[in-house]
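Chemist: Could you have a look at this structure, given as structure tokens, before my questions?
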Amino acid sequence: MAVRPVLEIGDPRLRQPSPAVPSSLIGSQELEALITDLRDTMAARHGAGLAAPQIGVPLRVVIFGINGNPRYPEAAPIPETILINPELTPLGDELDSDWEGCLSVPGLRAEVPRARRLRYRALSPAGLWIEREVEGFHARVVQHECDHLDGVLFPDRLQDASNKRARTTRAIA
Ligand code: NI
Numbered sequence: 043m044a045v046r047p048v049l050e051i052g053d054p055r056l057r058q059p060s061p062a063v064p065s066s067l068i069g070s071q072e073l074e075a076l077i078t079d080l081r082d083t084m085a086a087r088h089g090a091g092l093a094a095p096q097i098g099v100p101l102r103v104v105i106f107g108i109n110g111n112p113r114y115p116e117a118a119p120i121p122e123t124i125l126i127n128p129e130l131t132p133l134g135d136e137l138d139s140d141w142e143g144c145l146s147v148p149g150l151r152a153e154v155p156r157a158r159r160l161r162y163r164a165l166s167p168a169g170l171w172i173e174r175e176v177e178g179f180h181a182r183v184v185q186h187e188c189d190h191l192d193g194v195l196f197p198d199r200l201q202d203a204s205n206k207r208a209r210t211t212r213a214i215a
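Next up, the structure:
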């Protein structure tokens, strides 16, 4: 088990776009070790997801999942999913706003507009293609995590500063 420190807003590493995982790393022990650290850190912090740049690794890898997490009592379960080099395509132009937090933005939660439905495509750690069409909270988590790969944090998505309210509750991560 390797719980890693989570970088927090103000750290320039959170703002750097991450490069794609090279094909030479797919299936490697190095990538497996990174995924183990992401999984362990997400579990220790009770997050719904985590992106590699949040633990200081600049690669396009995210993990997310919810299954009986007491911090998300209303959320439908999401199977544990690891995406490598994900590509997101919004389906339709409908937006939803809902509350988000982030382990890298402690003490802040806000209602963030996101595409309600989207398709995502990515490689699994085994090098197989994952393709899903999702909506609601699942779509929100994917968008939040993949934003980290581009150096984007959820406060960047707020159009109205008055929408930012400090709350000490759960974090998506
Ligand atoms: Ni986050």
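If you're matching positions, the sequence shown starts at 43 in my numbering and goes up one per residue. Glycine included, each C-beta is placed from N, C-alpha and C at the ideal position. No experiment lies behind these values; they were computed from the predicted model shown.
Over the uninterrupted beta strand (DSSP E) stretch that includes Phe-106, give me the two end residues.
Modeler: If you number the sequence shown from 1, residue 106 lands on position 64. 103-108 is the extent of the beta strand (DSSP E) around Phe-106.
Chemist: On the three-state DSSP scale, how would you describe Val-183?
Modeler: Along the sequence shown, one-based indexing puts residue 183 at 141. Looking at Val-183 - three-state DSSP - the assignment turns out to be helix.
Chemist: If you draw a straight line from the C-alpha of Ser-166 to the C-alpha of Val-176, how long is it?
Modeler: Within the sequence shown, residue 166 is the residue found at index 124, counting from 1. Within the sequence shown, residue 176 is the residue found at index 134, counting from 1. About 17 Å.
Chemist: Assign Glu-173 to one of three DSSP states: helix, strand, or coil.
Modeler: Within the sequence shown, the letter at position 131 stands for residue 173. Strand at Glu-173.
Chemist: Short of 7 Å in beta carbon distance, which residues of its chain neighbour Val-48, apart from the five on each side in sequence? Order them along the chain.
Modeler: Locating residue 48 in the sequence shown gives position 6, counting from the first residue. The residues are Thr-83, Arg-87, Gln-96, Ile-97, Leu-145 and Ser-146.
Chemist: Excluding the 5 residues flanking Asn-205 on each side, which residues of the same chain have their C-beta closer than 8 Å to its C-beta?
Modeler: As a working mapping, residue 205 is identified with position 163 in the sequence shown. Residue confidence for Asn-205 is low, a pLDDT of 49 falling below 50, so the modelled location carries little weight; the figure read from the coordinates is stated next. Cβ neighbours of Asn-205 beyond the five flanking positions: Ala-152 and Glu-153.
Chemist: Can you tell me whether His-190 sits near the ligand NI, meaning its C-beta is under 7 Å from at least one heavy atom of the ligand?
Modeler: For the purposes of this step, residue 190 is taken as residue 148 along the sequence shown, with counting starting at 1. Yes, Cβ of His-190 sits closer than 7 Å to a heavy atom of the ligand NI.
Chemist: With burial defined as no fewer than 16 other Cβ atoms inside 10 Å of the residue's Cβ, what is the status of Pro-128: buried or exposed?
Modeler: If you number the sequence shown from 1, residue 128 lands on position 86. So Pro-128 ends up on the buried side.
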